[in-house]
Amino acid sequence: MNRPLPEQQLIITVQQHILHKQKEHFPTASGTFSWLLSGITLATKMIESKVRRAGLLDVLGAAGGAGDTNVQGEVQQKLDVYANRALLHCLGVRESVAVLASEENELPTCFNRGEAGKYIVVFDPLDGSSNIDVNVSVGTIFSILARPEQHDVEDPSREALQPGYKQVAAGYVLYGSSTMFVYTTGQGVYGFTLDPAVGAYVLSHDNMRMPEQGKYYSVNEANAEGFPPGYRNYLHQLRTGELGREYSSRYIGSLVSDFHRTLLKGGIFLYPPTPSHPTGKLRLLYEASPIAFIAEQAGGVATDGKQRVLDIVPTSIHQRTPLMVGSRHEMAALAKCLAE
Ligand code: AHM
Ligand code: MG
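Residue 302 in this note's numbering sits at position 304 of the sequence shown, with consecutive numbering throughout.
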């Protein structure tokens, strides 16, 4: 009898999962989207192999040379450069990609692919890269948008300026104690762990849900004195048990890692406006927006303090935003504080 082995029954790779979900929700789908996502999984496996060997290879520290700063004026790390190139290469060869926008490039790359170029991908190739030198988790964040029907002939990169609720898919890869790929296409959130023995992302977290309430809050407390009063008041409430629970604080300084913990354990992550970053520090298109999409799909909430992150209409590719994201309970209490 031709019965599959028990392990074979259990293993679902990210590719299988995407194809299966596509068939379920879009029976006429051509497979283009799955092929596009495979560009991301391939690039992140290349990045992960470099991240894992970072302490061994001569890739630690700044890329060197006075000119090696990115558009935000921050010094680029060598791995940032590699991660950016890997994504640009693996996605650039996919015929369905019309525009690629990266944190590391001031201007997006546009491809002249006519009707075949259906998608725009924006990404942060290596988020939290200041943590690399100290062996702390980093991540890759991506967001996929469809090109609008009305093409911007003059400057196709402007087509990336869409509110987050229009995202076709979003996800991140966390290069942590294990490497995880987490994504949503608007039908729930799924997490896959890289099996290094076979080089495949394997489904490990089916239909992820953020707990209604957690016990951690995550914020750069060193900035707290400069937060607007509503946020200071909220932090006071968290510390004094006014939310009905004793909270602990956790802050890694890598958005992907801090968010991943919030997704699994609940609680709240905050990056409010500060005197040095009055419009927030995190970038809307390739940090806040994809994270907000995943959070909402898992039952959580994401706000910039005034509105839902997914409703913000961007005006520039590298625009920043405040970001508060987390469980329903903590987010409702925050909304109350900010309204007072
Ligand atoms: P990066 O994309 O240059 O790495 O910066 C973004 C990072 C986020 O990962 C993290 O949430 C935040 O910056 C930490 O900022 P701070 O050091 O001000 O707390
Ligand atoms: Mg970043």
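Just so it is clear, CB atoms sit at the ideal spot from N, CA and C, and this is done for glycine as well. Keep in mind that this is a model prediction, so the values were computed, not measured.
So is A64 buried or exposed if we call it buried at 16+ other beta carbons inside 10 Å? Mapped onto the sequence shown, residue 64 falls at position 66. In this prediction, A64 has a pLDDT of 44, which is less than 50 and means its spatial position is unreliable; what the coordinates show is noted afterwards. Exposed, since its Cβ has fewer than 16 Cβ neighbours within 10 Å.
Please list, following the chain, all residues that have a C-beta closer than 6 Å to any non-hydrogen atom of ligand 4. Ligand 4 is absent from the structure shown, which contains only ligand 1 and ligand 2.
Go ahead and pull the three-state DSSP assignment for V343. Residue 343 lies beyond the residue range present for the chain, which begins at -1 and ends at 338; the question has no answer from this structure.
Helix, strand or coil for S135 per DSSP? As a working note, residue 135 is residue 137 in the sequence shown. Of the three classes helix, strand and coil, the one that applies to S135 here is coil, per DSSP.
D256: first and last residue of the uninterrupted beta strand (DSSP E) it sits in: Position 258 of the sequence shown, counted from the first residue, corresponds to residue 256. Taken as a continuous stretch (DSSP letters only), D256 belongs to no beta strand (DSSP E), being part of the alpha helix (DSSP H) at 253 to 263.
In chain order, what residues of the same chain lie with their CB nearer than 7 Å to the CB of P106, ignoring the 5 residues before and after it? Counting from one through the sequence shown, the residue named residue 106 turns up at place 108. For P106, where only same-chain residues beyond five positions count, the Cβ hits under 7 Å are V97, L98, A99, S155, A158, I315.
Contact between the segment 247 to 258 and the segment 204 to 217 (3+ Cβ pairs under 8 Å): yes
Measuring straight from C-alpha to C-alpha, what distance separates I310 and P161? Stepping through the sequence shown from its first residue, residue 310 is reached at position 312. Stepping through the sequence shown from its first residue, residue 161 is reached at position 163. Each residue's alpha carbon lies about 5 Å from the other.
Does the segment 143 to 155 touch the segment 289 to 301, meaning 3 or more C-beta pairs lie closer than 8 Å? no
Taking all protein chains shown into account, do 16 or more other C-beta atoms lie within 10 angstroms of the C-beta of V196, making it buried, or fewer, making it exposed? Here residue 196 is taken as the residue at index 198 of the sequence shown, counted from 1. So V196 ends up on the exposed side.
Within 10 angstroms of the Cβ of T26, are there 16 or more other Cβ atoms? Answer buried if so, exposed if not. Translated into positions along the sequence shown, residue 26 becomes position 28. So T26 ends up on the exposed side.
Taking 6 Å as the limit between beta carbons, can you name the residues of its chain near V49, skipping five residues before and five after? Numbered from 1 along the sequence shown, position 51 holds the residue referred to as residue 49. Here the set comprises Y173.
Uninterrupted beta strand (DSSP E) stretches inside the segment 309 to 335 (no shorter than 3 residues): 321 to 324
Environment of I9 [buried if 16+ CB atoms lie within 10 Å]: In the sequence shown, counting from the first residue as 1, residue 9 sits at position 11. Flag for I9 reads exposed.
Integer Cβ distance of L280 from T319, believed to fall under 8 Å: For the purposes of this step, residue 280 is identified with residue 282 of the sequence shown, where counting begins at 1. For the purposes of this step, residue 319 is identified with residue 321 of the sequence shown, where counting begins at 1. The Cβ separation is near 6 Å, so the contact holds.
Got a sec: does ligand 1 put a non-hydrogen atom nearer than 7 Å to the Cβ of N218? Translated into positions along the sequence shown, residue 218 becomes position 220. Yes, the Cβ of N218 comes within 7 Å of a heavy atom of ligand 1.
Can you tell me whether H203 is helix, strand or coil according to DSSP? As a working mapping, residue 203 is identified with position 205 in the sequence shown. The answer is strand: DSSP assigns H203 an E or B state.
Distance cut-off 7 Å: L233 Cβ against heavy atoms of ligand 1: Position 235 of the sequence shown, counted from the first residue, corresponds to residue 233. Result no, Cβ not under 7 Å from ligand 1.
Shorter than 7 Å, the distance from the beta carbon of Y188 to the closest heavy atom of ligand 1, or not? The residue you call residue 188 lines up with position 190 of the sequence shown. Because no heavy atom of ligand 1 lies under 7 Å away, the Cβ of Y188 does not count as near it: no.
Does the segment 117 to 130 come close enough to the segment 224 to 244 to have 3 or more Cβ pairs within less than 8 Å? no
Where S36 sits in the DSSP three-state scheme: As a position in the sequence shown, residue 36 is number 38, starting the count at 1. Three-state DSSP puts S36 in a helix.
Using only alpha-carbon positions, find the residue among W33, N133, V119, S32 that is nearest to L77. By one-based count along the sequence shown, residue 77 stands at place 79. The shortest Cα separation from L77 among W33, N133, V119, S32 belongs to N133.
Selected residue, minimal CA-CA separation from G137, among C335, E22, Q20, A41: Within the sequence shown, the letter at position 139 stands for residue 137. Nearest of C335, E22, Q20, A41 to G137, Cα basis: A41.
Nearest candidate by alpha-carbon position, reference G264, set R92, Y199, H327, G90: Your numbering for residue 264 matches position 266 in the sequence shown. Looking at the Cα atoms, H327 is the closest of the given residues.
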